[in-house]
Amino acid sequence: EARRYGAHSAMPLPTAKKLCPHAIFLPVNGAKYVHVSRRLMKILQRYSPQLEPVSVDEAFLNISGLARIYKSEKELGRKIKRDILDELQLTCTIGIASSKILAKLASGLNKPDGLNIIEDEEMERIVYPLPVRKLWGIGEATEKALARLGIKTIGNLACFPELKLKKVFGKNGPLMARAAAGKLDSPVHGLEELPAEKSVGHEHTFRNDTDDVEQIRAQLLLLVQRVGRRMRKRNVRGKTVTLKLRYENFETHTHRTSLNSYTNNEGQIFSLTEQLWRQIYNLKRKIRLIGVSVSHLVEREPAGLELPFRDEQLRIKADDLLLPTVDKIKDTYGENAIWRASGLLLKRE
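For the sequence shown, the working numbering assigns the number 4 to the initial residue and increments by one for each residue that follows.
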């Protein structure tokens, strides 16, 4: 409903409130969104292993191998929409085309509950009259630069001389023209084909700047839990922990330290995070954003057979046995299903 007034995703809340002052703004529940996103991706993977997530609620799916199973692309699209509605109680819009760029464009033509198919032979009729801003990757600044060249529609861009575009936009100019003509594409990369992350991290921006040490510590613990969970899901361990703090004046500080061995154990990561916190936090200033990341990743290997000479080693080994069970509970019932006790101090924003 708010879209009718110009509000859209990723828009700052103050801007959305000005455009649609009578809107009802619901509290954010990031953990629930992540849980539902995972369920959504699992539904899509039932249709094809070639699934390329773009965001928490968007993905590309290669359906070229399903032609023999379904009578038409429309039948397949309806089946996917029905599964998502039945299992998640969510509507969605599906765009189907011969390329990722055109499929993305098609998905934006009839929101919030549409199914759009763009055949190659329909490019000039359906796509060319659309504003050039509808093309994926073209933002406000590029739109204005294109307008100065007399390019206002996707058709204008598709037919514009590539050499002239190259003079203005460099190597990206010809690529934009080919994208507009439906001639530029990249394959759908399955999850196993995506480049490996060099680090795993999470950040949190407080709704109001805070110097409440108890709340900051609880939020750090939550971030560390999310980092550790993602590492275990990817079957990796890391050696270097980085803490990021952004103060109320947007001044940002980062500090890092390393372990002697690799880990994905939340207790070890949090212990290092607390050490860094004590080193760099200025008690006289309020915090706007905090972040935790782990880098120098390696694929997880079985830990060596070390004798537990110290209580700390016993605790770490106990955690390593417990955490996979915690992960399974969260996979089934959501991120908020089980918490460390100190995390319960966290105020919901």
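Using N, Cα and C, we set each Cβ at its ideal position, and we do this for glycine too. The model shown is predicted, which means the values in this text are computed figures rather than measured ones.
With 16 or more other CB atoms across the displayed protein chains lying within 10 angstroms of its CB, Lys333 is buried. Contact between the region 286-294 and the region 186-194 is absent: fewer than 3 CB-CB pairs across the two stretches fall below 8 Å.
Burial of Ser110 is indicated by the presence of at least 16 other C-beta atoms within 10 angstroms of its C-beta.
Annotated as proximal: Gly204 and Val295, with beta-carbon spacing under 8 Å.
Within the same chain, Cβ atoms closer than 8 Å to the Cβ of His207 are found at Gln222, Leu225, Leu226, Leu292, Ile293, Gly294, the five residues on either side in sequence being excluded. About 5 Å separates the beta carbons of Ser261 and Thr243, which is inside the 8 Å limit, making them a contact pair.
Linking Ala184 to Leu64 through their CA atoms gives a straight-line distance of about 21 Å. In this structure, Val329 lies away from Gly241, with their beta-carbon atoms at least 8 Å apart. Per DSSP, the beta bridge partners of Pro56 are Ala62. Of the residues assessed, Val135 falls on the buried side of the cut-off, its CB having 16 or more other CB atoms within 10 angstroms. The residues Pro134, Val135, Leu149, in chain order, have a CB closer than 8 Å to that of Lys155 in the same chain once the five nearest residues on each side in sequence are set aside. Looking at the DSSP output, Arg249 bridges to Thr255, Leu292. For Glu90, the CB contacts under 8 Å within the same chain, skipping 5 residues up- and downstream, are Arg42, Ile46 in chain order. Taking all protein chains shown into account, Lys170 has fewer than 16 neighbouring C-beta atoms within 10 Å of its C-beta and is therefore exposed. Excluding five sequence positions before and after Leu112, the CB atoms of its chain that fall closer than 6 Å to its own CB belong to Asn119, given in chain order. The bridge partners DSSP lists for Pro134 are Thr156. Taking 3 residues as the shortest admissible run, the region 80-157 contains the following complete beta strand (DSSP E) segments, listed from N- to C-terminal end: 97-99, 118-120. Counting along the chain, the unbroken alpha helix (DSSP H) around Val227 starts and ends at 216-237. Annotation: Arg281 is outside any beta strand (DSSP E); the continuous alpha helix (DSSP H) that includes it extends over 269-283.
Secondary structure note for Asn211: its beta strand (DSSP E) is the uninterrupted segment 202-213.
The same chain holds no residue with a CB closer than 8 Å to that of Glu78 once the five nearest residues on each side in sequence are set aside. DSSP places Ser264 in the strand class (E or B) of the three-state scheme.
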